[in-house]
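Novice:
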Amino acid sequence: MTAENAVQGLSIIIGVGASNGVGGALVHRFAKSGGPILVVGRTAEKIEAVAEEVRANGGTAHTQVCDVTSPDQVAALFDVAKEYGPLGSVLYNAGNNAIIPFEEVTPEQFEQFWRTGAYGAFLVAQQALKVMAAQGSGSFLVTGASASMRGKPNFAHFSSAKGALRNLTQSLARDYGPKGVHVGHVVIDGVVNGDMVRSRFADYLDAKGNNGALEPSAIAEAFWQLHVQHPSAWTHELDLRPFKEEW
Numbered sequence: 016m017t018a019e020n021a022v023q024g025l026s027i028i029i030g031v032g033a034s035n036g037v038g039g040a041l042v043h044r045f046a047k048s049g050g051p052i053l054v055v056g057r058t059a060e061k062i063e064a065v066a067e068e069v070r071a072n073g074g075t076a077h078t079q080v081c082d083v084t085s086p087d088q089v090a091a092l093f094d095v096a097k098e099y100g101p102l103g104s105v106l107y108n109a110g111n112n113a114i115i116p117f118e119e120v121t122p123e124q125f126e127q128f129w130r131t132g133a134y135g136a137f138l139v140a141q142q143a144l145k146v147m148a149a150q151g152s153g154s155f156l157v158t159g160a161s162a163s164m165r166g167k168p169n170f171a172h173f174s175s176a177k178g179a180l181r182n183l184t185q186s187l188a189r190d191y192g193p194k195g196v197h198v199g200h201v202v203i204d205g206v207v208n209g210d211m212v213r214s215r216f217a218d219y220l221d222a223k224g225n226n227g228a229l230e231p232s233a234i235a236e237a238f239w240q241l242h243v244q245h246p247s248a249w250t251h252e253l254d255l256r257p258f259k260e261e262w
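In structure tokens form, the structure reads like this:
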């Protein structure tokens with residue numbers, strides 16, 4: 016399988032919720048390549064709705080409900096994926112965020128953020144990278160955050176998980192890059208103008224002004240450009256932020 020063919024292979028998008036979010040935007044952008052898409056998330060109704068949008072536009076989309084913190088479910092996901100052709104890309108977008116003062120974080124909350132943010136990526140990567148290494152091609156791309164780079168008050172639980180994810184992908188990039196696999200970490204350094212944020216913080220988003228929040232479609236385009244990069248000039252880490260974001 017050549018690098019060119021890998022672009023047209025199956026894309027597995029993990030962590031898909033609402034259509035107008037990062038996960039949904041990734042599905043739609045990668046579907047434009049013409050290759051099949053496997054839409055993965057926790058809620059059957061949400062991922063089926065996104066998949067149906069792809070089908071309505073003439074694309075091929077399948078769905079799979081998966082708890083990324085379950086080794087058995089992740090293994091089953093990749094068993095199902097074998098039915099849909101060679102593996103071109105796996106995008107790990109699972110994770111959530113919440114403002115919690117450090118002394119109020121429960122052990123269960125801390126562990127759950129780590130399990131979804133880092134442990135799940137480990138489980139997925141183990142399955143994906145052995146396939147891609149055997150092919151000699153493919154992309155494994157993950158969604159990072161501002162917290163991947165720096166910890167802030169009230170986000171210790173989230174920052175620790177995202178920092179772990181960043182270091183995991185650095186290790187994997189050094190290990191699997193020479194085997195033909197592009198491992199990339201995309202830092203989303205700013206608020207995303209998606210359904211989830213707008214439903215909770217509409218006034219905050221509006222206060223950001225025109226192009227003051229990251230558009231899901233623009234984020235998805237950056238992921239796509241990483242996937243199709245020429246192997247003589249791969250990017251491992253890409254940070255995205257609105258032009259007016261202070262950093």
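Quick note on numbering: this note's numbering labels position 208 of the sequence shown as 223, and the sequence is numbered without any gaps. Think of the CB as a built atom: it goes at the ideal place given N, C-alpha and C, for glycine as much as any other residue.
Roughly how many angstroms separate the alpha carbons of F170 and G178, rounded to a whole number?
Specialist: Just so you know, the alpha carbons of F170 and G178 end up roughly 12 Å apart.
Novice: So Y191 is in the alpha helix (DSSP H); what residue range does that whole segment cover?
Specialist: First-last of the alpha helix (DSSP H) with Y191: A171 to Y191.
Novice: In three-state terms, what does DSSP make of D210?
Specialist: helix
Novice: DSSP has V80 in a bridge; who is on the other side?
Specialist: G56
Novice: Nearest to E260 by alpha carbon, out of K145, V105 and G227?
Specialist: G227
Novice: Tell me where the beta strand (DSSP E) around I234 begins and ends.
Specialist: Taken as a continuous stretch (DSSP letters only), I234 belongs to no beta strand (DSSP E), being part of the alpha helix (DSSP H) at P231 to H242.
Novice: Determine the burial state of T78: buried for a count of at least 16 other Cβ atoms within 10 Å of its Cβ, exposed for fewer.
Specialist: buried
Novice: Would you call the stretch 103-119 and the stretch 39-56 touching, i.e. three or more CB-CB distances under 8 Å?
Specialist: yes
Novice: Per DSSP, L255 forms a beta bridge with which residues?
Specialist: Answer is I203, bridged to L255.
Novice: Just to confirm the assignment: which complete beta strand (DSSP E) runs, minimum length 3, are found wholly within the stretch 99-165?
Specialist: Listed in chain order, the beta strand (DSSP E) runs fully inside the stretch 99-165 are 102-107 and 154-160, counting runs of at least 3 residues.
Novice: I'd like the list of long-range same chain contacts for T250, defined as Cβ closer than 7 Å, with 5 residues on each side in sequence excluded.
Specialist: G199, L241 and Q244
Novice: Whose C-alpha, out of R130, N225, P51 and A136, is nearest the C-alpha of H172?
Specialist: R130
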